[in-house]
Amino acid sequence: MNGRRLFSSGLALSLIFCCCGEFTHNASADSSEHHGNHLRHTASPVSLGDVSITKGPPATQTVKEQSGLQLPCNYQLPAGYRQSSSVILRWRKDNKTLRQAELGQASSTTSEPQLESMLREDARLTLNKQSGALLFASVLASDAGKYQCQLLVEGEMAASSSSGLLEVIEQLKFVPQPTSKNLELGSYSKVHCKAQGTPPPQVKWMRETQLPLPTNVTDQNGTLIFSQVSNDQRGQYTCFASNSQGQISATVSIGVVVAPKFSVPPEGPIETTEQGTVVMHCQAIGEPKPTIQWDKDLAYLNENNTDGERFTLMENGTVEIRNVQAEDEGRYGCTIGSSAGLKRAEVLLVVKSAKSASNSIVTRIIIVIICLAFLYFVLVLGLKVWYRYRRHLGKVQLEDATHAPTCDGHEHAEHEPCLTEANNSSKNLKSNKLRESPILEQESQVADEIV
């Protein structure tokens, strides 16, 4: 009896737990379904796995230069992302942004790279937003590198393709194209010829039709070296570049010239007065014959901007200005030039008014008068000193003659003979000095009066 009661009680408890568990399960399911419905209204109905790039650029691709190219980037993007998120399709080259386009309708709130952070704009490249492909109108050698496309969704991790290597077979060409050149006589000069291509080409020079290079001209890796330019080195030279693609050539003309030089350079400064006439010369030599061009304050002179009645530009390089005006003042430059080079020289023209010119003449006259007066003063002072010197010299000689010994027949008989002629000459000198003394005094007085 007791056993039956215990069994009935256990069965009842089991039924209760089962009912409670089923209720709890149903309530949980209802709650999950309600939460799921709520998420449908607040989030995208797809997961990150729905945003992907299904096909990117090939692992390795080789193309010829100047040919067209399309790098694929097939992507999967549900429409929900385009309406509610910011989506950017981006192409990168060598880890640098090359092109990008906005796919989503919402404006981006993330700090995306701006145009200045990308590679420079190139009209040859086009990004197709629908297919994601990157189009090259004409491939260049500089386009070689690693490419990768990416799909960036705001708030999500970027979906990226694998990197693809682009190899470009560079076309055989000259870089830059060789050009004709004039070399100065006697100089050391070089003429370059450079070529590019895949594989790297061989470059060599020949003269005219397969002739060897002249003396003092050598070819070093595509560079013509003229150790000393001479007239016999004139002519046509051809540069050849060759590799497995074939051979190309370029012919240039080498001329020998003499740099222009001034044979008669303009000299100055030149000063003139108004209404006067000025002539400025300028002549040059060189090969080929240089041309001569005058300018005033860096503005070239010609028949259109000069007064034909006053200005004459001669063929030999001389410029004549008649009836000079104040506005003619300035710096006049003479430029000589040819295919061998250019040179320029200047001369300053100063125009003075008639009033200033007259004042200048008066000033010069005054200066000349002062100089003449000074010279006259120096001359008179010199004459006075000279006369005083002569008077002093006459006095000394007179004193010497006065104290000279006399000839006495008895006093000097024992010692030495008496020189009668010497005594006579001494007396004559004494008498002459006595006569000259008044004359010297008169001359000195005259000099004092002049001073």
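One point on numbering: in the working numbering, the residue at position 4 of the sequence shown is 364, and numbering is uninterrupted. C-beta: ideal position from N, C-alpha, C; glycine also. Because the structure is a prediction, the values reported are computed rather than measured.
Annotated as distal: residue 593 and residue 617, with beta-carbon spacing of 8 Å or more. Residue state for residue 657 is assigned as coil, using DSSP reduced to three classes. With 16 or more other CB atoms across the displayed protein chains lying within 10 angstroms of its CB, residue 530 is buried.
Nearest Cα to residue 446 within the set 725, 411, 646, 488: 411. Distance check between residue 589 and each of 546, 627, 566, 633 places 546 closest, using alpha-carbon atoms only. Under the DSSP assignment, residue 692 falls in the beta strand (DSSP E) whose first and last residues are 690 to 698. The straight-line gap separating the alpha-carbon atoms of residue 691 and residue 619 is approximately 25 Å.
Annotation: residue 455 to residue 560 spans about 28 Å, alpha carbon to alpha carbon. The three-state secondary structure of residue 613, taken from DSSP, is strand.
Excluding residues up to 5 positions away in sequence, 598, 599, 600 lie with their Cβ nearer than 7 Å to the Cβ of residue 609 in the same chain. Nearest neighbour of residue 646 by Cα position, chosen from 756, 621, 578, turns out to be 621. Annotation: the continuous beta strand (DSSP E) that includes residue 414 extends over 412 to 415. Non-local beta-carbon contacts of residue 635 in its own chain, meaning distances under 6 Å to residues more than five positions away in sequence, involve 683 in chain order. Excluding the 5 residues flanking it on each side, residue 427 has same chain C-beta neighbours closer than 6 Å at 499, in chain order.
Residue state for residue 554 is assigned as coil, using DSSP reduced to three classes. Assignment of beta-bridge partners to residue 640 by DSSP yields 679. Taking the CA atoms as reference points, residue 681 sits about 20 Å from residue 696. As the crow flies, the alpha-carbon of residue 624 is around 7 Å from that of residue 644. In this structure, residue 550 keeps its C-beta atom at 8 Å or more from the C-beta atom of residue 612. For the pair residue 583 and residue 504, the Cα-to-Cα distance works out to about 29 Å. Under the DSSP assignment, residue 567 falls in the beta strand (DSSP E) whose first and last residues are 562 to 567. Secondary structure at residue 670: coil, using DSSP grouped into helix, strand and coil. Pairing residue 506 with residue 522 gives a Cβ-Cβ distance that is not under 8 Å. Under the criterion of beta carbons closer than 8 Å, residue 487 and residue 461 qualify as touching, at roughly 5 Å.
Secondary structure at residue 442: helix, using DSSP grouped into helix, strand and coil.
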